[in-house]
Every structure is written in C-alpha cells, then in structure tokens.
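Positions 1266 to 1557 (this note's numbering) are the ones given, in order, by the sequence shown.
Cβ atoms here follow ideal geometry from the backbone N, Cα and C, with glycine treated the same way.
The next block holds one structure in the form of structure tokens; read it before the comments.
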Amino acid sequence: MFTVTLMSAPDARALDPHAVDALRNAWGGGDLRWLAPDVAAEFGMPEVPSNQWNVWADLQSIGLDLVVQPSADRRKRMLLADMDSTMIRQECIDELADEAGVGARVKDITARAMNGELDFNDALRERVGLLKGLPVSIIDKVLAERIEFMPGGHTLLATMKANGGHAALVSGGFTAFTSAVAAELGFDENRANTLLTDGGTLSGEVGLPILGKQAKVDALNEITARLGISPADVIAVGDGANDLGMLGLAGTGVALHAKPSVAAQCDVRINHGDLTALLYIQGYAQADFVHF
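In structure tokens form, the structure reads like this:
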C-alpha cells in the first residue's frame, strides 16, 4: 500500500477539498483523511499511479506539493537535518561574507556548490579564505541580526521528540552556528565544520577533515548504529548537492525548497510547504502537533 499526501503552504491554505476529491476519485484512492483543513490531506493507494509526476507538475503550478510513498513505517524515529537554507532561511557563510564586503562573490560560489557544479570541499576552502581577518565577534552579530529560522522547524522538532524521536543537525556550515541553532530548536546533537581563528579574527582556514557529502552519510550511519536503529528509520531533509547522499540513504529523504539538480534526484520534494510538511508526510495531523 501507498499513501498520497497533498499539501499547501500553511499560510496559503490553498488545498481545495473538491480538487482533492477529484484526484482521489481519478486515482481510485481509499478513504480521505484531512490532516489540516485546507492545508494537508492524505489517502491510500494500492500502487503508485503511473501519471504521478505529470499530476505533480500540474499541482506545483497551483502551489501544491504531492508526495506518494509506501504506507508502512513512514513515521520515523530520527530526524537528520541540514542547517543552511533548511532549518534556517540563510546560508551562514554568505551572511558572513556580506559583513566582510565579499558577499556577491561568495554567494555565487555557494549557489554553484549547492547545485553540484563545484567540488564542495574546494568551494568551502575558497569561501572561507575570503573571510580572513574578519573579527570573530561578527559571528554573534550575524546570529543576532541576520539568521531567521525556517517556519515549522520548532514544531517539527518538538513533535518528533515528544514521540520518542532523536534529532541530529549535520551541516557543511560551521559549529559556531550549528551549536546555536541546535540549542534553539531542540536538536539532540550537531556536527559541522570549524572556522579556525587567529587571535580575535578568522584565519581564513577551516578545520580538517571537512564535513561534506560523505561525512553526512557517515553521520547517518554512525548515529543510527549508536541508537540501535537503521537508516530506514530516518527522515532526512536538505536542499543542496552535498545532502544527496544522506537523502538517498535515509528511509525518507526530503528535498526542501531544493536546488533544481537536487530535487530532480529525490522522490519526496517539498517546494511550497514549510517544515511541518515533514510531519504531514509521516501521518501526523495538525491536532497531533506539539508546539515548542
């Protein structure tokens, strides 16, 4: 059996009951279950519809996300999340670069690296090099003034943890940011790269080894082994090319507002909803949400 989940952006409330019924009837789906009025609904299917991606494209054009996945074991025991442009709206290194006056150059490198056009490690070294001489104190300034949390993140963490889930933040960014973000959102642990310093300024170098694509896969394997669960018990979420390894290994890999080349390689794509979409696709209804 498979479950079809339809979702709108929460603030848009664009999921029309008539449209949901029309799709369910066209596909011969089972009983309809509303997870949140005008926002999320689901129904069962005996098999994956042959025109799934044609329908997906049509729904995208009207602001709706569609996910079709196996019904069994879709509620996960662990969340593994990327940070930049996933749990927060920004790319931390881009914000630091703005403060250093090299924002445009660094943003271009970041975009190309996240789209898989550049080697992640080389791109990170190049960008960090451009931050040389920046006062360490600028990190706290960026955290306070520039970083915004992705909508739904607090609720996602609180709900999964209230239901026995473990949450790990694994980022190709920096520990100076992941430690603060993890503490605010309620992650159980976090991993990231280290910005090296020289006195009170950034040295322009990053600690080795660099945490990139393979390191995220390794983190998934190491943490699940420690918890006594399997990768199939994990829901992972990210947006960049360096997330593809963990998204492919996890039981459910979610491309959230992802780069086009990344989304194209993932079956679960959330382009309109926020992080609460990760709860809906696990079968949580809005009434089940635990608010931070």
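Nearest neighbour of residue i, chosen from the options [CA to CA]
{"i": "aspartate 1456", "options": "Gly1438, Cys1531 and Leu1450", "result": "First, the residue type needs correcting, since residue 1456 is arginine and not aspartate in the sequence shown. Closest option to arginine 1456, Cα to Cα, is Gly1438."}
{"i": "valine 1401", "options": "Ser1468, Ala1287 and Ala1497", "result": "Ser1468"}
{"i": "cysteine 1297", "options": "Asp1286, Asp1303 and Ala1291", "result": "The sequence shown places leucine at residue 1297, rather than the cysteine named in the question. Nearest C-alpha to leucine 1297: Asp1286."}
{"i": "leucine 1514", "options": "Ile1535, Gln1479 and Ile1546", "result": "Gln1479"}
{"i": "aspartate 1359", "options": "Val1313, Ile1412 and Cys1531", "result": "Ile1412"}
{"i": "leucine 1492", "options": "His1431, Thr1459 and Gly1464", "result": "His1431"}
{"i": "aspartate 1532", "options": "Ala1552, Gly1548 and Ala1501", "result": "Ala1501"}
{"i": "alanine 1388", "options": "Glu1470, Glu1312, Ala1427 and Pro1275", "result": "Glu1470"}
{"i": "glycine 1417", "options": "Thr1270, Ala1427, Leu1450 and Ile1494", "result": "Leu1450"}
{"i": "glycine 1548", "options": "Phe1557, Gly1366 and Ser1336", "result": "Ser1336"}
{"i": "asparagine 1380", "options": "Ala1552, Phe1557, Gln1530 and Asp1553", "result": "Gln1530"}
{"i": "lysine 1426", "options": "Lys1406, Asp1453 and Gly1465", "result": "Asp1453"}
Contact check, residue i vs residue j, beta carbons under 8 angstroms
{"i": "alanine 1376", "j": "phenylalanine 1385", "result": "no"}
{"i": "serine 1273", "j": "histidine 1522", "result": "no"}
{"i": "histidine 1447", "j": "leucine 1434", "result": "For the sequence presented, residue 1447 should be read as alanine rather than histidine. Yes, Cβ-Cβ distance for alanine 1447 and leucine 1434 is below 8 angstroms."}
{"i": "aspartate 1338", "j": "alanine 1550", "result": "no"}
{"i": "leucine 1345", "j": "valine 1499", "result": "yes"}
{"i": "leucine 1280", "j": "alanine 1305", "result": "yes"}
{"i": "threonine 1459", "j": "threonine 1440", "result": "yes"}
{"i": "glycine 1505", "j": "lysine 1524", "result": "yes"}
{"i": "leucine 1399", "j": "alanine 1365", "result": "yes"}
{"i": "leucine 1544", "j": "phenylalanine 1554", "result": "yes"}
{"i": "leucine 1408", "j": "alanine 1445", "result": "yes"}
{"i": "glycine 1518", "j": "lysine 1341", "result": "no"}
{"i": "leucine 1540", "j": "leucine 1421", "result": "yes"}
Burial state of residue i (16 or more Cβ within 10 Å)
{"i": "aspartate 1330", "result": "buried"}
{"i": "methionine 1343", "result": "buried"}
{"i": "lysine 1397", "result": "exposed"}
{"i": "methionine 1348", "result": "buried"}
{"i": "isoleucine 1374", "result": "buried"}
{"i": "leucine 1473", "result": "exposed"}
{"i": "alanine 1520", "result": "buried"}
{"i": "arginine 1534", "result": "buried"}
{"i": "serine 1495", "result": "exposed"}
{"i": "methionine 1415", "result": "buried"}
{"i": "serine 1326", "result": "exposed"}
{"i": "glutamate 1307", "result": "buried"}
DSSP-derived helix/strand/coil call for residue i
{"i": "glycine 1438", "result": "strand"}
{"i": "glycine 1472", "result": "coil"}
{"i": "proline 1282", "result": "helix"}
{"i": "glutamine 1547", "result": "coil"}
{"i": "glutamate 1360", "result": "helix"}
{"i": "aspartate 1463", "result": "strand"}
{"i": "leucine 1395", "result": "coil"}
{"i": "isoleucine 1412", "result": "coil"}
{"i": "methionine 1343", "result": "strand"}
{"i": "glutamate 1307", "result": "strand"}
{"i": "glutamine 1355", "result": "coil"}
{"i": "leucine 1297", "result": "coil"}
Check: residue i C-beta below 7 angstroms from any heavy atom of the ligand SAH
{"i": "aspartate 1483", "result": "This structure simply doesn't include the ligand SAH, nor any ligand for that matter."}
Practice task
Taking only runs that begin and end inside the region 1486-1542, name each unbroken alpha helix (DSSP H) of 4 or more residues, in chain order.
Solution key: 1509-1514 and 1525-1528
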